[in-house]
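Undergrad: The working numbering applies: residue 78 is where the sequence shown begins, and numbers increase by one. Mind looking over this structure? Questions follow.
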Amino acid sequence: MTIRKGQKEDMPAVLDLIRELAVFEKEPDAVVVTVADLERDGFSENPMFQTIVAEIEDEIVGMALYYYRYSTWKGKTIHLEDLIVKEKMRGTGLGSALYKEIIAQGKKDNVRRVEWNVLDWNTPAIDFYEKSGARILHDWRVVQMDESGIDNFLDRL
Numbered sequence: 078m079t080i081r082k083g084q085k086e087d088m089p090a091v092l093d094l095i096r097e098l099a100v101f102e103k104e105p106d107a108v109v110v111t112v113a114d115l116e117r118d119g120f121s122e123n124p125m126f127q128t129i130v131a132e133i134e135d136e137i138v139g140m141a142l143y144y145y146r147y148s149t150w151k152g153k154t155i156h157l158e159d160l161i162v163k164e165k166m167r168g169t170g171l172g173s174a175l176y177k178e179i180i181a182q183g184k185k186d187n188v189r190r191v192e193w194n195v196l197d198w199n200t201p202a203i204d205f206y207e208k209s210g211a212r213i214l215h216d217w218r219v220v221q222m223d224e225s226g227i228d229n230f231l232d233r234l
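Written out as structure tokens, the structure is:
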């Protein structure tokens, strides 16, 4: 297994993994991002995200996508958007290797926090994160506004 920084030419495989995650999370039709979006947004002069990929025999079988945020309390942080392992590769240690790489990236970058979201029904992931020393914040709620919500809000002003 090779863990390496993702490249522009990896984005079709990354999108396949994103789609696989959407199926796992019971939202198979929710992915609207395209390979062109990923290539533009991840590999422009000011990239919006970074990727780390896991490869076995020239096949990308896992990835982590992250970006930098700024906390008014902590300063620079990393937000791990997704850590995805192909279903056939789960339980092989590949996810742990990607996870370790993200945490190591945070240490290397001197961030004060690495953060991510996990669905409340994904108990294997929750158990893994808690055993690793991560804290699950039960008193915070994720808040989002989709495109329709944005339009509706602005139309009311």
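Virtual Cβ for every residue (Gly too), placed ideally from N, Cα, C. All figures in this text were calculated on a predicted structure; none of them were measured in a lab.
Using DSSP's beta-bridge definition, name the partner residues of M140.
TA: DSSP output for M140 lists V130 and I161 as bridge partner(s).
Undergrad: Look up G152 in the DSSP assignment and give the residues it is bridged to.
TA: Its beta-bridge partners are S148.
Undergrad: Buried or exposed: where does E104 fall if 16 or more other Cβ atoms within 10 Å of its Cβ makes it buried?
TA: Exposed, because fewer than 16 other Cβ atoms sit within 10 Å of the Cβ of E104.
Undergrad: Have a look at Y143 and Q127 and give me their C-alpha separation to the nearest angstrom.
TA: One C-alpha to the other measures close to 5 Å.
Undergrad: Using a Cβ-Cβ cutoff of less than 8 Å, which residues in the same chain neighbour L175 once the five nearest sequence positions on both sides are dropped?
TA: Counting only Cβ-Cβ distances below 8 Å, and skipping sequence neighbours, we find I80, I129, A131, G139, M140, A141, L160 and V162.
Undergrad: From the DSSP output, which residues share a beta bridge with K82?
TA: BP columns for K82 point to I129.
Undergrad: With DSSP as the reference, label R190 as helix, strand or coil.
TA: Note: R190 maps to strand in three-state DSSP.
Undergrad: Consult DSSP for P124 and reduce its assignment to one of helix, strand or coil.
TA: P124 falls in the coil class under three-state DSSP.
Undergrad: I need the DSSP call for Q182, collapsed to helix, strand or coil.
TA: Note: Q182 maps to helix in three-state DSSP.
Undergrad: Between which residues of its own chain and L94 is the CB-CB distance below 6 Å, once the five residues before and five after are set aside?
TA: So the qualifying residues of the chain are M140 and I161.
Undergrad: Could you check the C-alpha separation between D114 and N194 for me, to the nearest Å?
TA: Their Cα atoms are separated by approximately 22 Å.
Undergrad: Give the range of the alpha helix (DSSP H) segment to which N229 is assigned.
TA: Segment E224 to R233, the alpha helix (DSSP H) holding N229.
Undergrad: Can you tell me where the alpha helix (DSSP H) with L92 in it begins and where it stops?
TA: Residues M88 to F101.
Undergrad: Alpha carbon to alpha carbon, what distance is there between G119 and W20?
TA: The chain is shown only over 78 to 234; residue 20 falls outside these bounds and no answer can be derived.
Undergrad: Please report the distance separating the alpha-carbon of S225 from that of R212.
TA: For S225 and R212, the distance between alpha carbons rounds to 33 Å.
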